[in-house]
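In this note's numbering, the protein residues as written are 196 to 580. All residues carry an ideal CB built from backbone N, CA and C; glycine is no exception. As the structure is a computational prediction, the values presented were derived from the model and not from experiment.
Below you can see the structure in the form of structure tokens.
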């Protein structure tokens, strides 16, 4: 649905809300009224909407229908301290399906360049957390020169009122949708980890390895976020790290199956730097080394596995045999390629030599014929004299 022409649909309740906005420097103009009553926007309500941000002269800064070359609505969970509070404020005056235009004083728009930077990063596939980091911190508020977009640099240097045109697509009450990890409180993240872990295990058993890896990653991200708030080495930090370890090993198993061996090497090495007796980390790292032809490193890891847990001897022997078979096959293929290369080179050299000899022979024959012709002509001239 595109943006329609302007038309006002005054409603008593909406007029009351619009008046309150006006008193705080926000002018609302309804373009399309939507349907039903204004929802009860309690904290935890999820809203989805399209937005277009413009200067007062009509210059468009951002449009969610076109950002990153695709149309993707904005999602907000109210009460989560979004960096642009005015969006929560104005959306809370709307009905589902409504389209409205909000002209907001500069006191409501000062942080928009930072929010826009984040949204633009996300729209082109960058890490959402990286985008959010652009939107926080006193130092970042003052470092307006850090923006990579000229329009945002100018807006940061010269704050001004902005016009937000919003189409409210959907309103979901708390508990009616699955909460994404980024929107969870610390308590919710900690409580969600066991469930996410189990979901990953179930997907792995079903053979859906990629989705299982995604689940493990999300669970790790929850715990890492909590761990960042603790002092490394303290008891809470260690407790969280012990929860991360099995999830990371499961994640590495998925990556082994998916053939992403260097990621396995990195994660297992990181684990072993902290936990030198982790047999599973040595075993998975050994398999990853073997997969990328690091024979010496693979054997060292497998030997460590045997030293820590001799009962894994059969499993280690199987991996070593598989590695040796691959190495023999590789050497055989390389030998065949070199043999063909030398055969081709010899044949090519022989053909070249024969061609050269043929050319020399033809040249000699040509010279002999020319010489005979010259001698014959000379003899004829002498006889004539």
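Do we get a CB-CB distance below 8 Å when we pair residue i with the residues of chain C?
i	result
residue 521	Of the protein chains in the structure, only one exists, and it is not chain C.
I'd like to check one pair, residue j with residue i: are the Cβ atoms closer than 8 Å?
i	j	result
residue 423	residue 388	no
residue 481	residue 514	yes
residue 297	residue 222	yes
residue 358	residue 287	no
residue 347	residue 313	no
residue 364	residue 245	yes
residue 300	residue 428	no
residue 291	residue 225	no
residue 503	residue 474	yes
residue 394	residue 410	yes
residue 384	residue 421	yes
residue 293	residue 217	no
residue 467	residue 477	yes
residue 360	residue 247	yes
residue 452	residue 491	no
Restricting to Cα atoms, I'd like to know which of the options is closest to residue i.
i	options	result
residue 318	359, 344, 208 and 263	263
residue 231	289, 220 and 247	289
residue 392	445, 268 and 346	445
residue 304	316, 284, 234 and 406	284
residue 213	295, 251 and 467	295
residue 518	488, 495 and 504	488
residue 278	464, 308 and 533	308
residue 521	533, 485 and 493	485
residue 280	374, 265, 267 and 302	302
residue 501	512, 235 and 431	512
residue 469	496, 433, 448 and 492	433
residue 449	216, 430, 483 and 218	483
residue 454	471, 431 and 408	408
residue 349	376, 530 and 254	254
residue 282	306, 229 and 345	306
residue 170	507, 435, 344 and 396	Beyond the ends of the chain as shown, which are 196 and 580, falls residue 170; an answer cannot be given.
residue 315	430, 508, 352 and 265	265
residue 229	362, 235, 398 and 243	362
residue 443	464, 430 and 386	464
residue 447	379, 472, 431 and 399	399
residue 499	471, 372, 516 and 509	471
residue 233	210, 496 and 376	210
residue 256	276, 345 and 235	345
residue 390	401, 373 and 378	373
residue 243	530, 402 and 368	368
residue 379	276, 406 and 528	276
So who's on the other strand from residue i, going by DSSP bridges?
i	result
residue 376	Residue 376 is not bridged to any residue.
residue 405	Its beta-bridge partners do not exist; DSSP assigns none.
residue 227	294
residue 360	247 and 296
residue 216	In the DSSP output, where bridge partners are listed per residue, residue 216 has none listed.
residue 507	Residue 507 pairs with nothing; no bridge assigned.
residue 367	241
residue 222	298
- Go through the stretch 243-293 residue by residue and report every complete run of the alpha helix (DSSP H) that reaches 4 residues or more, in order. Here the runs fully enclosed are 280-286.
- Task: Please determine if the stretch 406-421 and the stretch 439-447 are in contact, where contact requires at least 3 C-beta pairs separated by less than 8 Å.
- Result: At 8 Å Cβ cutoff, the stretches touch.
- Assess, as a yes-or-no matter, whether the stretch 266-279 is touched by the stretch 239-250 under the definition of 3 or more beta carbon pairs within less than 8 Å. As far as the Cβ criterion goes, the stretch 239-250 touches the stretch 266-279, which means the pair count is three or higher.
- Query: At what residue ranges does the stretch 444-477 contain a whole run of the alpha helix (DSSP H), taking only runs of 4 or more?
  - Reply: Complete alpha helix (DSSP H) runs here, min 4: 456-469.
- Complete runs of the alpha helix (DSSP H) confined to the stretch 389-433 [at least 4 residues]: Fully enclosed alpha helix (DSSP H) runs of 4 or longer: 404-422.
- Task: Mind listing, in chain order, the continuous alpha helix (DSSP H) runs of no fewer than 4 residues lying wholly within the stretch 489-534?
- Result: The alpha helix (DSSP H) runs of length 4 or more contained entirely in the stretch 489-534 are, from start to end of the chain, 490-503.
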